[in-house]
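Residue numbers (full-length UniProt numbering): 1 to 467.
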Ligand SMILES: Cc1cc2nc3c(=O)[nH]c(=O)nc-3n(C[C@H](O)[C@H](O)[C@H](O)COP(=O)(O)OP(=O)(O)OC[C@H]3O[C@@H](n4cnc5c(N)ncnc54)[C@H](O)[C@@H]3O)c2cc1C
């Protein structure tokens with residue numbers, strides 16, 4: 001830029017940093033988790049305070065600029081990055097305050113899950129959240145929040161007590177059961193459609209180490225494992241966690257070197273209660289299978305280590321193309337399709353996941369939050385993940401073929417946070433299920449002009465506010 005003058009935008013009342021295309025760190029600032037997303041905003045406003053968010057939002061709106069909101073930048077379709085408009089980047093807002101007497105934690109809007117776990121575990125406490133610690137708390141909470149401890153403590157939203165929200169018109173409100181209860185309902189499952197959340201207040205639970213059995217089974221034995229999971233999980237104790245991931249065997253320290261790279265079924269089993277009881281329960285499950293894992297490792301694991309166990313496998317910088325839904329059932333036909341698709345996985349990082357929900361999630365009144373999938377048991381994710389130098393064509397083809405093979409086994413709708421990379425408007429709508437109409441009413445009240453539209457969008461019903 002030597003010899004040239006740059007016009008510097010001034011945003012009144014903004015104390016953060018405004019990054020524009022001429023800045024040296026512009027490319028780093030516009031990079032998000034999914035390396036496939038390559039968008040060039042006109043401004044990235046790194047906010048430090050709620051007032052910064054208010055200031056930059058007012059400035060963007062006055063200049064008729066589109067806005068996107070960035071928490072941890074893990075939206076798989078890249079909702080937090082836009083071309084041309086203004087990104088309200090909350091990443092500097094990463095404070096976590098624990099009140100161990102009240103058993104609550106205040107989480108700033110730009111925190112990563114690892115920030116929250118580190119601060120809460122320093123007091124032997126935890127709030128349930130996702131399974132990869134570099135995920136943003138903001139986006140994860142607003143969509144629901146699935147993770148290792150969800151069957152015992154509920155979704156993350158089931159532990160949300162209140163939120164501080166900057167609305168589209170710049171007003172700052174608290175949403176809770178007592179204040180703006182309609183907004184509070186919508187924030188718990190409706191994503192970033194209603195405003196910018198600058199602080200979440202969440203309930204905490206005493207949480208010690210977890211008993212974990214990491215297991216890997218050959219593809220030939222994988223159907224047996226899935227059948228046992230299908231038989232066991234619908235009535236299992238809330239302390240039991242069991243999920244299944246088809247992927248090529250990573251070079252885990254416990255993996256036999258000659259099997260690394262082979263498509264396998266990873267089937268981690270964890271127990272959130274007493275460790276001796278967990279060891280007995282998991283022994284019984286594994287013995288009843290009648291087949292042996294090709295490799296396994298087991299024992300207690302610190303909660304923070306569990307939460308970041310798979311961070312590297314899900315690291316930044318890969319290209320990602322995902323499809324997501326819920327299996328109707330985990331019956332023999334579905335299992336046969338899953339095994340077929342798992343066996344032909346294309347890259348070393350891709351995976352086909354089947355999670356187990358149920359437990360406390362299914363016992364919470366469906367109408368209490370905007371999360372529409374409490375009766376689902378089996379979220380399924382087809383995650384095409386590859387390095388930029390690998391063949392996009394092969395990986396896209398694997399995801400698409402897998403998805404069409406599974407189509408007959410899927411229910412309508414998906415978890416909006418795992419939202420497909422190219423979900424159509426109808427698919428996005430289905431991810432909100434029965435809550436759609438009520439969500440649109442709340443959207444109309446709080447964001448009638450659809451300012452917050454770079455998300456799994458819920459369009460307002462009319463252009464006039466009805467608040
Ligand atoms: C590697 C990986 C692992 C994952 N694991 C899990 C998991 O275990 N459980 C699970 O439930 N989900 C999981 N997810 C999905 C995850 O919940 C979503 O991708 C979520 O949107 C990420 O939030 P973020 O803040 O990082 O994303 P961003 O890309 O920053 O934002 C996503 C959306 O949320 C909005 N948003 C973010 N923060 C705020 C805020 N403070 N106020 C208002 N709007 C906001 C954004 O505008 C955008 O629309 C995972 C995703 C990835 C990539």
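The beta carbon of each residue, even a glycine, is placed where N, CA and C say it ideally should be. Note that the structure is predicted; figures quoted are calculated from it, not measured.
inquiry  = Report the CB separation of residue 114 from residue 133 in whole angstroms; it is logged as a contact under 8 Å.
reply    = With a Cβ gap of about 3 Å, residue 114 and residue 133 count as contacting.
query = When the Cα of residue 295 is compared with those of 441, 178, 251 and 25, which residue comes out closest?
reply = When only C-alpha atoms are compared, the closest one is 251.
inquiry  = Taking 8 Å as the threshold (C-beta atoms), are residue 210 and residue 301 in contact?
reply    = Going by C-beta atoms, residue 301 is nearer than 8 Å to residue 210.
message = Am I right that residue 382 and residue 322 are in contact with their C-beta atoms under 8 Å? What's the rounded C-beta distance?
response = So it is a contact: roughly 6 Å between Cβ atoms.
ask   = Thinking C-beta only, is residue 361 closer than 8 Å to residue 155?
value = Closer than 8 Å, so yes.
query = residue 352 to residue 340, Cα distance in whole Å?
reply = Rounded to the nearest angstrom, the two C-alpha atoms are 11 Å apart.
task = For residue 95, collect the residues of the same chain with a Cβ closer than 7 Å to its Cβ; drop the 5 residues on either side in sequence, then sort them by chain order.
result = Around residue 95: 108.
request  = Please confirm whether any heavy atom of ligand 2 lies closer than 7 Å to the CB of residue 31.
outcome  = No copy of ligand 2 appears in this structure; the ligands present are ligand 1.
ask   = Can you give the Cα-Cα distance for residue 79 and residue 320, rounded to whole angstroms?
value = Roughly 14 Å separates the two Cα atoms.
task = Pair every Cβ in the stretch 254 to 268 with every Cβ in the stretch 236 to 245, then say whether three or more of these pairs are closer than 8 Å.
result = With contact defined as three or more Cβ pairs closer than 8 Å, the stretch 254 to 268 and the stretch 236 to 245 are in contact.
inquiry  = Suppose you measure from the CA of residue 131 to the CA of residue 82; what does that come to, to the nearest Å?
reply    = Roughly 27 Å separates the two Cα atoms.
request  = For residue 20, name the three-state secondary structure that DSSP assigns.
outcome  = Correct three-state label for residue 20: coil.
task = Check whether the Cβ atoms of residue 139 and residue 74 sit closer than 8 Å, and answer yes or no.
result = Cβ distance < 8 Å, so residue 139 and residue 74 count as in contact.
query = Could you give the C-beta distance for residue 53 and residue 68, rounded to a whole number, given that I count them as a contact under 8 Å?
reply = Between residue 53 and residue 68 the beta-carbon gap is near 13 Å, outside 8 Å, which marks them as no contact.
request  = Mind reading off the beta-carbon distance from residue 391 to residue 326? Whole number of angstroms is fine, and I expect it under 8 Å.
outcome  = Not quite, the Cβ-Cβ distance comes to about 30 Å (not below 8 Å), so this is no contact.
ask   = Which of the three DSSP states, helix, strand or coil, is assigned to residue 111?
value = If DSSP states are grouped into helix, strand and coil, residue 111 belongs with coil.
query = So, helix, strand or coil for residue 322, using DSSP?
reply = In this structure, residue 322 counts as strand in the three-state DSSP scheme.
inquiry  = Does residue 374 pass the burial test, meaning 16 or more other C-beta atoms within 10 Å, or should it be called exposed?
reply    = Residue environment: residue 374 is assigned as buried (16 or more neighbouring CB atoms within 10 Å of its CB, all protein chains considered).
inquiry  = Please return the same chain residues whose Cβ sits closer than 6 Å to the Cβ of residue 348, not counting the five positions on each side in sequence.
reply    = Taken in chain order, the residues that qualify are 248.
query = Per DSSP, residue 378 forms a beta bridge with which residues?
reply = 327.
ask   = Can you tell me whether DSSP reads residue 474 as helix, strand or coil?
value = Past the boundaries of the shown model lies residue 474; the chain is included only from 1 to 467, so the question cannot be answered.
request  = Report yes if the C-beta distance between residue 127 and residue 188 is below 8 Å; otherwise report no.
outcome  = No; because the gap between Cβ atoms is not below 8 Å, this pair is not in contact.
ask   = Hey, which unbroken runs of the alpha helix (DSSP H) at 4 residues or more fall wholly within the stretch 370 to 442?
value = Runs of the alpha helix (DSSP H) inside the stretch 370 to 442: 392 to 406 and 425 to 431.
ask   = Are the beta-carbon atoms of residue 92 and residue 46 separated by less than 8 Å?
value = Yes, they are a contact pair.
request  = Quick one: grab the DSSP three-state call for residue 74.
outcome  = Coil.
ask   = Using a Cβ-Cβ cut-off of 8 Å (strictly less than) and excluding sequence neighbours within five positions of residue 261, which residues of its own chain qualify?
value = The answer, listed in chain order, is 248, 249 and 348.
message = My assumption, with CB atoms under 8 Å, is that residue 149 sits in contact with residue 309. Please give the rounded CB distance.
response = Not quite, the Cβ-Cβ distance comes to about 14 Å (not below 8 Å), so this is no contact.
query = Between which two residues does the beta strand (DSSP E) containing residue 242 stretch?
reply = From DSSP, the beta strand (DSSP E) with residue 242 extends over 240 to 242.
Identity of the residue in 164, 59, 434 and 387 nearest residue 195 by Cα = Ranked by Cα distance from residue 195, the options 164, 59, 434 and 387 are led by 164.
inquiry  = With distance defined between alpha-carbon atoms, name the residue in 70, 39, 89 and 36 nearest to residue 14.
reply    = In terms of Cα proximity to residue 14, the closest of 70, 39, 89 and 36 is 89.
ask   = Should residue 270 be labelled buried (16 or more other beta-carbon atoms within 10 Å of its own) or exposed?
value = By the Cβ neighbour-count rule, residue 270 is buried, with 16 or more other Cβ atoms within 10 Å of its own.
message = Helix, strand or coil for residue 360? Go by DSSP, reduced to three states.
response = Judged by DSSP in its simplified three-state form, residue 360 adopts helix.
Whole-angstrom distance between residue 8 and residue 151, CA atom to CA atom = Their backbone Cα atoms lie some 51 Å apart in a straight line.
ask   = Got a sec: does ligand 1 put a non-hydrogen atom nearer than 7 Å to the Cβ of residue 50?
value = No; taking the cut-off as 7 Å, the Cβ of residue 50 has no heavy atom of ligand 1 nearer than that.
message = Quick check on this structure: which residue in 184, 172 and 136 has the alpha carbon closest to the alpha carbon of residue 158?
response = Residue 184 is the option with its Cα nearest to residue 158.
task = Have a look at 136, 229, 448 and 439 and flag the residue whose alpha-carbon is nearest the alpha-carbon of residue 181.
result = Comparing C-alpha distances from residue 181 to each of 136, 229, 448 and 439 shows the shortest one belongs to 439.
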